[in-house]
Amino acid sequence: MSDASGAHVSEAHGAAPRVVLITGAGSGIGAALARRLAAPHTSLMLHARGADDASRRRLVQVAADCTASGARCATVFGDLAERGASEHVIHQTLASFGALDQLVANAGHAQRQTLATLDPDTFSAAFAAMPAAFAALVRRAMPALETSQRGRVVALSSFVAHRYRADAPFAATAAAKAALEALAKTAAAELAPLGVTVNCVAPGYTRKDRGPSADNAAVWTRAAEATPLGHVAEPADVAALIAFLLSDEARHITGQVIHVDGGLTLG
């Protein structure tokens with residue numbers, strides 16, 4: 001069924017002990033995390049940019065899979081780089097479920113670009129989509145997180161904020177992800193007295209299920225060769241760590257940047 005805003009909401013199956021918002025949940029790590037968390041005790045607000053019909057269908061399918069596993073689900077679309085979009089996503093979460101316990105800021109992108117060719121628009125877009133969107137999400141979510149008994153925030157960073165190579169430049173993305181990590185640590189310090197943890201997960205090369213490189217075997221061969229463990233991560237590998245950071249077992253971990261990169265950032 002749908003609420004008045006057009007967000008799709010599955011039928012409830014009893015009370016849910018936690019409400020989790022996952023941005024960028026239509027594919028990759030976000031979709032893997034949603035499916036991992038899906039259970040009768042969990043309500044999931046699943047977000048995607050929804051730039052086209054295919055994107056919207058992907059998110060609806062993820063929600064259907066999660067509902068089949070017993071979760072209560074809602075979906076919301078919006079470009080988090082746009083002013084007011086992050087606040088709208090939090091508002092829709094609270095309108096759909098009446099609470100928000102855990103926030104996973106997964107939406108983002110990586111773009112190869114050298115500093116020499118970096119233009120102001122690309123730079124601004126990277127910051128709007130990642131650190132600025134994260135800050136807006138956390139600000140709007142704070143009142144709900146403060147009243148939760150299981151308050152958690154996890155932000156997705158990237159190895160590109162820690163590994164710099166001239167043959168693989170990510171000027172704008174690296175800067176945006178580094179800023180995201182700084183904001184997450186600020187949030188961790190501010191929310192710690194309230195029992196809310198805030199951490200970053202920094203994946204290495206992680207297999208994609210869509211996009212230009214998804215089916216390019218040569219790309220993934222090179223990525224595996226660059227990774228000390230000799231293979232790239234699957235989205236489920238990263239989702240496993242995020243799920244742990246959301247769990248009660250991780251209640252004493254906050255302000256950390258944890259790498260899931262097969263040793264990519266060792267040296």
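Note that the UniProt record's numbering has the sequence shown beginning at 1, numbered continuously upward. All C-beta atoms, glycine included, are put in the ideal place defined by N, C-alpha and C. Keep in mind that this is a model prediction, so the values were computed, not measured.
Residues that residue i bridges to, as DSSP identifies them
i	result
Arg251	DSSP lists no partner for Arg251.
Ser43	Val19 and Arg72
Val198	Val153
Phe170	Gln113
Ala48	Phe77
Thr206	Ala233
Gln102	Val20 and Arg152
Ile242	Per DSSP, none; premise fails for Ile242.
residue 269	This structure leaves residue 269 out entirely; the chain is present only between 1 and 267.
Within 8 Å, strictly: CB atoms of residue i and residue j
i	j	result
Arg58	Ser27	yes
Leu100	Leu145	yes
Leu229	Gly263	yes
Val60	Ala34	no
Val257	Asp237	no
His162	Thr23	no
Ala233	Arg207	yes
Ala128	Ala81	yes
Thr67	Leu21	no
Ala25	Ala71	no
Ala88	Gly98	One point to set straight first is that residue 88 is His, not Ala, in the sequence displayed. Against a cut-off of 8 Å, the Cβ pair of Gly98 and His88 comes out as no contact.
Ala126	Ala176	yes
Thr147	Ala192	no
Supposed close pair residue i, residue j - CB separation, criterion 8 Å
i	j	result
residue 274	Arg36	A question about residue 274 goes unanswered here, because the residues of the chain that appear run from 1 up to 267.
Thr197	Arg152	5 Å
Arg49	Ala107	7 Å
Leu46	Thr75	5 Å
Pro143	Leu180	Between Leu180 and Pro143 the Cβ distance is about 22 Å, and since that is not below 8 Å, they are no contact.
Ala235	Ala32	The amino acid at residue 235 is misidentified as Ala; the sequence shows Pro. Yes, Pro235 and Ala32 are in contact; Cβ-Cβ is about 4 Å, under 8 Å.
Arg18	Arg139	21 Å between Cβ atoms; not a contact.
Could you check whether the segment 192 to 208 touches the segment 142 to 159, counting it as contact only if at least three pairs of C-beta atoms, one from each stretch, sit closer than 8 Å?
yes
Do the segment 114 to 123 and the segment 134 to 145 meet, that is, are 3 or more Cβ pairs less than 8 Å apart?
no
Decide if the segment 165 to 184 is in contact with the segment 101 to 114; the criterion is three or more beta carbon pairs, one per stretch, under 8 Å apart.
yes
Contiguous alpha helix (DSSP H) assignments of at least 4 residues, all confined to the segment 112 to 156
120 to 127 and 133 to 147
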